[in-house]
Every structure is written in C-alpha cells, then in structure tokens.
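Each remark here refers to the structure printed beneath this line.
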Amino acid sequence: MNERRMHYRTCPLCEATCGLAVAVEADRVLSVRGDADDPFSQGFLCPKGATLGDLHHDPDRLRVPRVRRAGRLVEASWDEAFEAIEAGLMPLLKRHGRDSLALLLGNPITHHLAPAFYVGPLVRACATRNLYSASTVDQMPQHVVSGLLWGDPNVFPIPDVDRTDHLLMLGANPMASNGSLITAPDFPGRLREMPKRGARLVVVDPRRTETAERADEHLFIRPGTDVFWLAALVETLFSESLVELGRLKPHVDGVEEIRALVAPFTPERVADLCGIDAETTRRQARDLAGAAAAAVYGRIGNHTVEFGTATAWMAALLNLLTGNFDRPGGVMTSSPIASKIDDGEPGGRGYRVGRWKSRVQGHPEVNGEFPAASLADEMETPGEGQVRAAISVATNPVRSYPNSERLDRAFAALDFYVAFDIYVNETTRHADVILPAPSALEEESYELTFMGNAIRSFGKYDAPVFRNEGPSEADIFARLIGVLQGAGAGSSPDDVHTALLEQSVERLSNEEGLDRETILQALAGMAPVQQLLDLKLRSGWQGDLFGGRPGGVSLEKLVDHPHGVDLGPMVERFPNRLRTESGRFELASPWLVQDWARVRARLDLPVRGDGLRLIGRRHLRSNNSWMHNLAPLVSGRARCTLMMHPSDAEARGVEEGERVEVRSRVGVLEVEVERSDALMPGVVCLPHGWGHGVEGAELSVASSHAGVGSNVLTDDGVIDPASGNAVLNGIPVEVSALR
Ligand code: SF4
Numbered sequence: 001m002n003e004r005r006m007h008y009r010t011c012p013l014c015e016a017t018c019g020l021a022v023a024v025e026a027d028r029v030l031s032v033r034g035d036a037d038d039p040f041s042q043g044f045l046c047p048k049g050a051t052l053g054d055l056h057h058d059p060d061r062l063r064v065p066r067v068r069r070a071g072r073l074v075e076a077s078w079d080e081a082f083e084a085i086e087a088g089l090m091p092l093l094k095r096h097g098r099d100s101l102a103l104l105l106g107n108p109i110t111h112h113l114a115p116a117f118y119v120g121p122l123v124r125a126c127a128t129r130n131l132y133s134a135s136t137v138d139q140m141p142q143h144v145v146s147g148l149l150w151g152d153p154n155v156f157p158i159p160d161v162d163r164t165d166h167l168l169m170l171g172a173n174p175m176a177s178n179g180s181l182i183t184a185p186d187f188p189g190r191l192r193e194m195p196k197r198g199a200r201l202v203v204v205d206p207r208r209t210e211t212a213e214r215a216d217e218h219l220f221i222r223p224g225t226d227v228f229w230l231a232a233l234v235e236t237l238f239s240e241s242l243v244e245l246g247r248l249k250p251h252v253d254g255v256e257e258i259r260a261l262v263a264p265f266t267p268e269r270v271a272d273l274c275g276i277d278a279e280t281t282r283r284q285a286r287d288l289a290g291a292a293a294a295a296v297y298g299r300i301g302n303h304t305v306e307f308g309t310a311t312a313w314m315a316a317l318l319n320l321l322t323g324n325f326d327r328p329g330g331v332m333t334s335s336p337i338a339s340k341i342d343d344g345e346p347g348g349r350g351y352r353v354g355r356w357k358s359r360v361q362g363h364p365e366v367n368g369e370f371p372a373a374s375l376a377d378e379m380e381t382p383g384e385g386q387v388r389a390a391i392s393v394a395t396n397p398v399r400s401y402p403n404s405e406r407l408d409r410a411f412a413a414l415d416f417y418v419a420f421d422i423y424v425n426e427t428t429r430h431a432d433v434i435l436p437a438p439s440a441l442e443e444e445s446y447e448l449t450f451m452g453n454a455i456r457s458f459g460k461y462d463a464p465v466f467r468n469e470g471p472s473e474a475d476i477f478a479r480l481i482g483v484l485q486g487a488g489a490g491s492s493p494d495d496v497h498t499a500l501l502e503q504s505v506e507r508l509s510n511e512e513g514l515d516r517e518t519i520l521q522a523l524a525g526m527a528p529v530q531q532l533l534d535l536k537l538r539s540g541w542q543g544d545l546f547g548g549r550p551g552g553v554s555l556e557k558l559v560d561h562p563h564g565v566d567l568g569p570m571v572e573r574f575p576n577r578l579r580t581e582s583g584r585f586e587l588a589s590p591w592l593v594q595d596w597a598r599v600r601a602r603l604d605l606p607v608r609g610d611g612l613r614l615i616g617r618r619h620l621r622s623n624n625s626w627m628h629n630l631a632p633l634v635s636g637r638a639r640c641t642l643m644m645h646p647s648d649a650e651a652r653g654v655e656e657g658e659r660v661e662v663r664s665r666v667g668v669l670e671v672e673v674e675r676s677d678a679l680m681p682g683v684v685c686l687p688h689g690w691g692h693g694v695e696g697a698e699l700s701v702a703s704s705h706a707g708v709g710s711n712v713l714t715d716d717g718v719i720d721p722a723s724g725n726a727v728l729n730g731i732p733v734e735v736s737a738l739r
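Numbering of the sequence shown is given in my numbering, commencing with residue 1 and proceeding in unit increments.
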C-alpha cells in the first residue's frame, strides 16, 4: 500500500518564496498547503501556490523532447533531440558567426537551482552578443541605478516593510503580486500590520489598485509621469531644507549637482503634468522627511516607462537624501546566507554600461544584454550578424515582449530555434527542437536568486518530491553546453559538471586559502547541483568554511531543517558594501545626468491631455503566461478585460461588457470593456500574458480562456534608452466601439 508522505518545499511561482507543505501519495500530489512551520512565510499561501500539483500533473506539460520533422513537432528521444540541435545549429553558427544566435532567458530560471549555476556557462558557450532576458522587459532600470549609485547592479534597495513607519509606494500592487524586487512572503499580511504600529502607507498609481484600497492615502498620477513627481519631492527636500543624509553623509558625492538638476521641477511646475496638486506634493515630501523611518518603493509601473531609469534614480535619491538608505525601517539590502559578503573597505570596480552596441539600432549593452524590444530588429534586418537562430530558456517572448505580432513573424522566419521549456506555447510552437525541463517537484531547490532580495536572511533546501525519469535540469544544460562547445551531441554531461565544479573549487581555494582536496573530498558523492550549492553555502558569510568556522551553515545543516533556517532581518551593510570606483555613493553619475536631459526637455513641452494611455495590471491568480493553463487559476469570470473610466466609456458610447477595438501605433485588438472608476479618466488598463489559442500552441486550458495579448499594442520602437528597458505602460491608444 502506498503511504502518504509530506514534503516541505518552496513555491517557485513568484518572488515571495512561500514555504509549502506538499502531501503526496505514490506519484500523485494530494494537496499543497502553506507550511505553518516555515519561519519566513509562516503558513501563508496564495491561490497560485496551491496549484503546484496541477502544474506537475498537467497533461500539456512536456515530458519528452520534441523535434520538428516534416513541419510537425513530434516526440523524440533525448539523443535524437541533441543530434538535431547539433545538425541544425552548429553549421549555421559556423557559416554566419556566433552573433547570428540569440539567447533568450526567462524569469522562471531565477526560481530553479540548476540555472543558477549553468546559465553562466551557457551564455559563455553561446559566445554571442545577442543576449536578451526578462530584465529589459521590466527591471533593468533598477540594475542600472544600483550599479551606478553604489556599484553593484544586483544589490537592490529593499523596503523594510516590517519596520518602516512610512511606505511610499509607486507602480506596485503587492496585494496582487506579493511584491517584486523584494522577497517578503505574505506581503499583504505585512501591510495589514502597518497601521497596528502607527505606520502609514501611501500609494501613487493611475489605478486604485487592491493595495491602494488598503492605503492610508492613494494619489492618482498620470501614467509615465512618476519621474516628474518624484523629482518634485526631491526639489521640495532641497527648497524646504529637509535634506538629511544621516549616518552615510561622509560617503556621499553629488548632492549639489542633484540640487541643480531638480531645481526646475517644483511641485507647482509638475502639478498639471502629473495630475497631483502642489500642496499635496509638498505635504508628501514633508511626511517622508519627517517620518522616523521611511521607504520609497517603486516597481513595474515605475520601471516600464520611457523614463524608467530616471524614475528609479529619483526613488533612490529620496531614500538617500532623507537618511533612509541602509537604515532599519527604510530601504536596506539583503544578506543572503549563500553569499560571500565582503565587509572590507568601500570601493571596487564600479559599473559600466555601453561596452558594446547592438548592430541595428546601436543600443548600448546593459548588464551584457540588449533590449528585448530590439530583438525583432536584429532578427529581421539583413546583413552580417543578423540573428538567424535562437535558444530560449523558460520564456515566451511572443507574449511578453513588446510588439508581439511582429516578434511572432520574426520567430517563424528563424533558420533554427531551440527552446528549453515545459510547454508548446505561443513562442515555442516555432521551435525546431524543444527540450522539456523536469517538473519543479522533480528537482531540488534553493532560492538562490531571491534570497538576494529577501527582507530576512533565510535559507531552505528542498529535496526532490518525485523521481525524475528523464535527465536532470543540470544534465540538460550540460549537454546543450557540450554541443555549443563543439564536443558533440554524444558528449557526456559529466565533462561539463566536472569542469564547472573544478573551476568553482579552484576559485574558493585561492580566495580562502582552503585546501582543494579537502573541499573535493567533502563534496564527493553528491549530485552536481548539490555540490555547487554546498560550496556556496559553506563559503558564504554564514558558512562553515569546510570546518574553518564550526557551527556554520552547510547543505547538511539545511537538510536537517526542512522548514528553513532564519538568521534575522536585514542589517546595515554600508558604507562597506559600496563597490563604486570612488568607494562613495555617486549620486550624479554622468550616465544618469546625461539621460536627465530627456526628462528636462519633456518638462518644457505642453501637458498632453489628449487621448487615452494604456497601463497593465496584475491579478492574484496570474503571473506568467503559462499559469493560464492551470484550470483553478483561470476559472470564473473572464479577467482579460479592458478597464475604462465610465466618463471615457460614455464619451465613446461604450457600454459595460461591450467589445471595443483598441488601436496603438503598432497593433490593434478587440476586447471586452469593464467600466471602473478605480481608474483615473484618460487611462485604460489591460492585464498581460493573455492571447492564447493560436495555431500550433498546445495549451488546452489556456486556449479556452484565450483573452488578448496586451503586447500586441506595446511599441518596440520606444524604450528607456538609459537601461534598454521596454515601455509597457503609458502607451497611447485609441478605443472605439465595434458597431
Ligand atoms: S505568493 Fe508567490 S510564492 Fe507565495 S504561494 Fe503565491 S505564488 Fe507562491
């Protein structure tokens, strides 16, 4: 008789990393509940997490590779799949060069353990400059600002939501999303705790979101104008002598340059542009400066606009100029357990962008990537270096990148395309080979990436729930890397595993003066991913250093604590964490100052009150497009509607539930209208990730809840040039009744 077993896992479906209690019998998931003993998430679970079993058992999820034969994607063995990749891809790269290959990375890779170790080698094995990822879809502005102001593009300012007295939030809706660029399980519960300790929440958003409903104050703001409003807050800090740098004052450069830059952005000057009166703006600046500890947190709606980097810059400046940077209750930075935290002297190599340029538009690289919005240009424009082939890993750009109809045509025209994905979706239907990743429950996990954004130092290792009949995710990466390195389709993944381990051990041995053989002996007998994880844990700032720090963290210790290990809240890390060349906060980095000229120029233009602007929205039961194939997440009332203010609907003679045509510069679609006074007049709102039911995709549930793709309307001709980020909010559109 099969026994019921309980497994403790971490939910891989969003950045919150909630602990799960997964009840299993034989090869079936019986239930998924929040793990009440997880010290970080304490039993919290949202509707998405409860569907992890549905995802595992989804009959549409690919279990074996597909290879295109006679125009059809048919099932194939793993050997056949890698032989097809070698035969189709390698001659093409030999003839047209490595830059003819685009590598595309999606955000699910940040939740899996194997990609944390193997994506870097994959990038190097591809040896192409055409690297694209979800970062230039929604978060590159924060990387740029972090890199330029304090020298590390991957150290984010995390609002200390549990201890803050005042949280000013823009373009974020954690009641639906549970937060982004912050890992805080049960963000809604943490917001609910705020009034109990007298803390205030102010939300600034063109829509009265679920989070705005809970706020002490909600301010409507015109889409895309947050940068002007935040600049007016900074200007008010200066003009009312509210700047107080606090503990970090001796380490900050550029304050006077900032004073000069924001001087024209008075609250009175930006009031009509933003739709917020000057007195309210001044009051907000005073509240921010006067709070015992305050945090400014801006997210998607701040970053996916044409001034995304400038907006993120202003938010960072507000935190710094009010003394709330790296202060409990302000914004702080994480101290992930599996990281070496260098508490040496401030200073480092600094951060640079634009080390090379894209072929067609001359976009500067940022973090080694080109803008997602420029991919279709690179695929469609003939000439040397034209992208003719692609490898995608866990991404559906035909739904998530701007101007999706154009990108769909560009993917269809590729000479060769390899997808590493769990579904035949709107993009991977164009593939020549699809390599299916194992189910999350068949792999071990440790949230390496998101512990870097966590409000507490937390570590949790999850063993696989089910035995994987196919190759591990690490083996699939290793075989793909082997093919790209020219070792051939039949090469052993062990060669790549061994080389990666030896490089990592060598580095650690040199850095810490540890004996190489002792480390290798300690790791013997483990799976490749376990070896690499144990190495990171034991060499991290809390690690046992292979016996050098008795009582420290190791994989073995985490295995003994299946609900996770909590080592406390964020702690002060600056100025020692500064990695700018100067070893100081560089508030007025030349790259940002140069970009500010665009913002300044816009301030002098007349306020555009004409037409409608499109913004996006998140729903609690959605995140990525593939979640629409899980029945519990799409049941009930159709959610892919165009929200519109009643006055805008009436002006166009549109009734509730009526279908309308929405037209932008690049595309047109038809969708049902939902009238709502939660939007400010002049704004319409559509969720992202929908638009299913296309020929060739194999998403049976999603196809019967198809909706429309918002990226049919977003424009790949407009980006935030300072970061290369896509513009997904504030899109000019026309809406007309379909009669
Ligand atoms: S909030 Fe995120 S991590 Fe938590 S259960 Fe929901 S999807 Fe999973």
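Virtual Cβ for every residue (Gly too), placed ideally from N, Cα, C.
Which listed residue (the options) has its alpha carbon closest to that of residue i
i	options	result
VAL727	VAL708, THR333, PRO371	PRO371
ARG63	ALA440, ARG456, LYS357	ALA440
PRO562	LEU13, GLY19, GLU3	GLY19
ALA338	GLY552, ASP421, ILE158, LEU52	GLY552
HIS705	PHE574, ARG639, ALA310	ARG639
TYR417	ASP648, GLU405, LEU435	LEU435
ALA125	ASP152, THR136, MET90, SER146	MET90
ASP566	ASP495, ILE455, VAL599, ALA489	ILE455
ALA294	THR311, ALA278, GLY323	GLY323
ALA373	ALA390, SER472, ARG406	ARG406
ARG259	ASP277, CYS274, LEU233	LEU233
HIS57	PRO438, VAL718, PHE585	PRO438
THR136	VAL465, HIS363, GLY568, HIS619	HIS363
SER718	LYS357, VAL666, ARG197, VAL607	Checking the displayed sequence, the identity of residue 718 turns out to be Val instead of Ser. For VAL718, the nearest C-alpha among the options comes from VAL666.
MET6	VAL465, LYS196, PRO65	VAL465
C-beta atoms of residue i and residue j nearer than 8 Å
i	j	result
VAL740	ALA737	Residue 740 lies beyond the residue range present for the chain, which begins at 1 and ends at 739; the question has no answer from this structure.
LEU612	VAL668	no
THR652	VAL735	According to the sequence displayed, residue 652 carries Arg and not Thr. Contact: yes.
LEU318	TYR461	no
VAL701	ALA597	no
ALA16	ALA184	yes
PHE450	THR110	yes
TRP78	GLY470	yes
GLY329	ASP534	no
HIS497	ALA522	no
ALA212	ASP205	yes
SER445	ARG9	yes
LEU623	LYS48	Rather than Leu, the amino acid found at residue 623 in this sequence is Asn. In this structure, LYS48 lies closer than 8 Å to ASN623 by Cβ.
MET764	GLU217	The question about residue 764 has no answer here: the residues shown for the chain are numbered 1 through 739.
ARG359	GLU380	no
GLY53	VAL32	yes
SER539	LEU508	yes
PRO590	HIS251	no
ILE731	TRP541	no
ASP326	LEU248	yes
Supposed contact pair residue j and residue i - C-beta distance, whole angstroms, cut 8 Å
i	j	result
ASP720	PHE156	Contact flag wrong, Cβ pair sits at about 17 Å.
THR714	ASN403	6 Å
MET314	LEU230	4 Å
ASN468	GLU442	4 Å
THR304	VAL144	Contact flag wrong, Cβ pair sits at about 14 Å.
LEU103	ILE391	5 Å
ARG208	ALA678	4 Å
HIS92	ALA389	The sequence given here has Leu at residue 92, not His. Indeed they touch by this definition, with Cβ atoms about 5 Å apart.
> At what residue ranges does the region 630-655 contain a whole run of the alpha helix (DSSP H), taking only runs of 4 or more?
Replying inline: Here the runs fully enclosed are 631-634, 646-651.
> With a cut-off of 8 Å, do at least 3 Cβ pairs link the region 688-697 to the region 163-174?
Replying inline: Note that the region 688-697 does not touch the region 163-174; fewer than 3 beta-carbon pairs, one per stretch, sit closer than 8 Å.
>> Check whether the region 425-433 and the region 393-409 touch, using three or more Cβ-Cβ pairs below 8 Å as the test.
In response: Short answer: they touch.
>> Threshold first: 4 residues or longer. Then list the alpha helix (DSSP H) segments lying entirely within the region 134-173, N to C.
In response: Counting whole runs of 4 or more residues, the region 134-173 contains the alpha helix (DSSP H) stretches 135-138, 140-150.
> Of all the alpha helix (DSSP H) runs that stay within the bounds of the region 232-311, which reach a length of 4 or more residues?
Replying inline: Every unbroken stretch of the alpha helix (DSSP H) spanning 4 or more residues and falling wholly within the region 232-311 is given here in chain order: 255-262, 267-274, 278-290, 300-303.
>> I want to know whether the region 96-104 touches the region 379-395 - three or more CB-CB distances under 8 Å.
In response: Output reads yes: the region 379-395 touches the region 96-104.
> At a cut of 8 Å, does the region 128-144 reach the region 352-370 through at least three beta carbon pairs?
Replying inline: Output reads yes: the region 352-370 touches the region 128-144.
> In chain order, which beta strand (DSSP E) runs of at least 3 residues are fully inside the region 440-497?
Replying inline: Within the region 440-497, the complete beta strand (DSSP E) runs of at least 3 residues fall at 456-459.
> Can at least three beta-carbon pairs, one atom from the region 345-365 and one from the region 105-123, be found at a separation below 8 Å?
Replying inline: Because the criterion of three Cβ pairs below 8 Å is not met, the region 345-365 and the region 105-123 do not touch.
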